[in-house]
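Its first residue numbered 498, the sequence shown is counted upward by one per residue in this note's numbering.
All C-beta atoms in this analysis are idealised placements derived from N, C-alpha and C, irrespective of residue type, glycine included.
Computed from a prediction, not measured in an experiment: that's the story for all the values here.
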Amino acid sequence: MRKIDPAETETGRVPADVIRPLSDALGTTDVAVNYYELAPGESTAYGLHAHGDQEDVFHVLSGEVTFETRDEPVRASAGELVRVGHGEYQRTRNGGEERAPVLALGAPKGGGDTEILRACPDCGTRTGQELSLNDDRTAVGARCVDCDTVTGEFD
Ligand SMILES: [Zn+2]
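In structure tokens, the structure reads:
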């Protein structure tokens with residue numbers, strides 16, 4: 498058994514204001530655990546995406562989060578949970594005025610490839626994306642796999 502205080506773990510920088518990857522701190526072997534704090538407008542993800550073999554559960558701890566999907570968006574408020582199945586596309590967004598802390602659980606941890614879709618202005622549609630760090634490692638860029646256009650930068 499291991500107990501941690503998320504406030505004492507390191508925070509990542511993108512794509513959300515606060516990201517605390519807790520799997521390593523907890524030593525989880527089968528489930529990915531991530532804590533996010535989304536400022537208004539922010540997302541836990543770089544784009545609409547699906548995991549090949551990982552099921553996710555999001556617990557909205559405060560505020561309100563909208564899950565963009567390929568169909569109707571799904572809204573979840575403080576205290577509610579949302580389950581996303583294998584291969585199901587989604588992207589969270591804090592559409593509210595206040596910060597939204599969200600706890601995300603995914604299993605099996607790192608299961609399957611992640612496919613990311615973003616609107617590509619040059620292709621005129623949503624296309625598959627590749628993520629990479631820029632040369633000085635200060636930002637992550639998303640690039641269209643069809644035409645190589647940069648569709649977003651996160652720093
Ligand atoms: Zn493109």
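Asked: Which ranges does the beta strand (DSSP E) cover as unbroken runs of at least 3 residues, wholly within the region 617-651, from first to last along the chain?; Found: 622-630, 637-641 and 647-651
Asked: Indicate the three-state DSSP secondary structure (helix, strand or coil) for Ala522 in the structure shown.; Found: helix
Asked: In chain order, what residues of the same chain lie with their CB nearer than 6 Å to the CB of Tyr533, ignoring the 5 residues before and after it?; Found: Ala513, Ile516, Thr541 and Val599
Asked: Please report how far the alpha carbon of Arg567 lies from the alpha carbon of Cys617, in whole angstroms.; Found: 16 Å
Asked: Under a three-way DSSP split, which group does Pro537 fall into?; Found: coil
Asked: Starting from Thr508 and walking both ways along the beta strand (DSSP E), at which residues does that stretch end?; Found: No beta strand (DSSP E) contains Thr508, which DSSP labels as neither H nor E.
Asked: Quick one, which of Ile501, Ser629 and Leu545 has its alpha-carbon nearest Ser520's?; Found: Ile501
Asked: Give me the residue from Arg623, Asp645, Arg634 and Cys644 with the minimum Cα distance to His455.; Found: Because the chain in this structure spans residues 498 to 652, residue 455 falls outside the shown range and cannot be described.
Asked: Among Gln626, Glu595 and Gly560, which residue has its Cα nearest to the Cα of Ser574?; Found: Gly560
Asked: Cα separation between Glu569 and Ala601?; Found: 21 Å
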